[in-house]
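Okay, so the sequence shown: first residue is 1 according to the UniProt record's numbering, each after it adds one. This report concerns only the one structure given below.
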Amino acid sequence: MKYTLFLLLPLAVACSKNQEPAPPEPAPVPMPIPPPPPQPGDTTGIIRRSWKVYKDSISNVNNFVFEYGYPNPGTYWGTASDYWRFDSTGQFAVRENGMTESGTYQLLPGNRLWISNLRYFDTGYIRVLTPTEAVFDWMKTSSNGGRYYRRVYLKQ
């Protein structure tokens, strides 16, 4: 009985005979237009800076292995001292989880990113690159069929 009342109450309210005019509809709120994807000429200027690490996640499906071992899956949440830095000379530096590394990077056609420190996982893909955020992916299959996935979220 209470379920029937619960279902019929909205119908009774909707069907009431009220002669008052309906209030005017609010003006539609324009949806923000997302920025266009970065153009090849813009990508270099946008990436050249020091980025804060927001999140770095690794998945290892079906036991991906490579010559240096087994990448441990998990999510790392960046701290205030973590960064990924891309400079104008092609140098790359990263500090994550108390460890620091440096190497080189190259922007490649097709929104691809090559980083010397990640060469074992092939070329990465630039998923998002704006002046305030960057998202990069790496994917690779090992000889045993295992799959490696990495997604890095950076912000300003």
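In this text, a Cβ means the ideal position worked out from N, Cα and C, and glycines have one as well. All values reported here derive from a predicted model rather than from experimental measurement.
The closest CA to that of Phe-92, considering only Asn-117, Leu-108, Tyr-76 and Gly-110, is found on Asn-117. Each residue's CA atom was taken as its position, placing Leu-113 and Leu-129 some 11 Å apart. Looking at the DSSP output, Asn-60 bridges to Tyr-148. Under the three-state reduction of DSSP output, Thr-104 falls in the strand class.
Rounded to the nearest angstrom, the gap between the Cα atoms of Pro-73 and Ser-88 is 32 Å. A Cβ-Cβ separation of about 5 Å places Gly-90 in contact with Thr-104 under the 8 Å criterion. A direct Cα-to-Cα measurement between Gln-156 and Ser-57 gives close to 19 Å. Excluding its 5 nearest sequence neighbours in each direction, Arg-127 has C-beta neighbours in its own chain below 6 Å: Val-135 and Asp-137, listed in chain order. For Asn-62, the closest of Trp-51, Gly-78 and Tyr-149 by C-alpha to C-alpha distance is Tyr-149.
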